[in-house]
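The opening position of the sequence shown corresponds to residue 20 in our numbering, with each subsequent residue numbered one higher.
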Amino acid sequence: MTEQEHVRPLTPASALPSSDFSDNNKQTLQRLRRRRNRIKCLICIIVTSLVLTTVVLTLVFMVFRVKAPIIEMNGVTVNGQDSTAGTQILLLGTNISMIVDVSVKNPNSVTFRYSNTTTDIYYKGIVVGEARGPPGKARAHGKARMNMTVDIRIDRLVLEPGLVREVSVSGLVNLWSYTKVSGKVKIMGIVKKHVTVKMNCTMAVDISRQAIIQDVECKNNIDL
């Protein structure tokens, strides 16, 4: 037997199975991709939320900053006073009413909604007249006007001993009015700001000349 007959070619080593390994790698890569995508989406949602929150807060505190509404006294008139009767009718108890014409001016960029308004008339610290107005609203940069009728309580007025002397000397009755309007401003349906506006006015009623109102001076006070 020759040397060539004893030499046989080596059997090639069998190849390792690679399909399972490749599938595992693909699944791992897919999981990593999905995880990275979820993280990216979460980051985008957080960033977007922060930007929206910043914009809303900026609008609320800068652009839509709540400004105090203003009450304006347009005029006061007196009914029930006869020019020929003068002081006697007032002192004998004739019914007298005052029509108070006021406006609520809203300087805000949103609507100001208010509840019932109140007006009280005082004479030397005594309430001699009261009135209640209906709720309403003043639109953005607008004005709401209302008339309130105040019935003067003559029985309370004549209890003040200085009334006769004041009328006989000057022909004037010095009164003081107090008007209160409470409401709220709602910004973007999120922030509610409660506002109370008060107005104090002094006035003189000249009963010797058909109860003409004169020397009206008013001052606003605001609670935010």
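All C-beta atoms in this analysis are idealised placements derived from N, C-alpha and C, irrespective of residue type, glycine included.
Which partner residues of residue i appear in the DSSP bridge assignment?
{"i": "Gly152", "result": "Thr136"}
{"i": "Thr215", "result": "Ser201, Asp242"}
{"i": "Val169", "result": "Met117"}
{"i": "Val146", "result": "Tyr141"}
State the DSSP-derived secondary structure class of residue i, mapped to helix, strand or coil.
{"i": "Ser189", "result": "helix"}
{"i": "Lys162", "result": "strand"}
{"i": "Leu194", "result": "strand"}
{"i": "Lys59", "result": "helix"}
{"i": "Thr221", "result": "strand"}
{"i": "Thr67", "result": "helix"}
{"i": "Gly202", "result": "strand"}
{"i": "Leu47", "result": "A small correction: the amino acid at residue 47 is Thr; Leu does not occupy that position in the sequence shown. Note: Thr47 maps to helix in three-state DSSP."}
{"i": "Ser227", "result": "helix"}
{"i": "Val129", "result": "coil"}
{"i": "Ala104", "result": "Because Ala104 carries a pLDDT of 42, less than 50, the predicted location of this residue cannot be relied on, and no value is offered for it."}
Where does residue i land, buried or exposed, given buried means 16+ other C-beta within 10 angstroms?
{"i": "Leu51", "result": "exposed"}
{"i": "Thr198", "result": "buried"}
{"i": "Ala159", "result": "exposed"}
{"i": "Thr96", "result": "exposed"}
{"i": "Ser196", "result": "buried"}
{"i": "Leu176", "result": "buried"}
{"i": "Ile226", "result": "buried"}
{"i": "Leu69", "result": "exposed"}
{"i": "Ile62", "result": "exposed"}
{"i": "Val121", "result": "buried"}
Where does the unbroken beta strand (DSSP E) through residue i begin, and where does it stop?
{"i": "Ile89", "result": "89-98"}
{"i": "Ile232", "result": "231-242"}
{"i": "Val85", "result": "Where Val85 is concerned, there is no enclosing beta strand (DSSP E), given that its DSSP letter is neither H nor E."}
{"i": "Lys124", "result": "115-124"}
Under DSSP, the alpha helix (DSSP H) around residue i begins and ends at which residues?
{"i": "Ile173", "result": "173-176"}
Does the Cβ of residue i lie closer than 7 Å to at least one heavy atom of the ligand GDP?
{"i": "His160", "result": "For the ligand GDP, the structure offers nothing, since it holds no ligand at all."}
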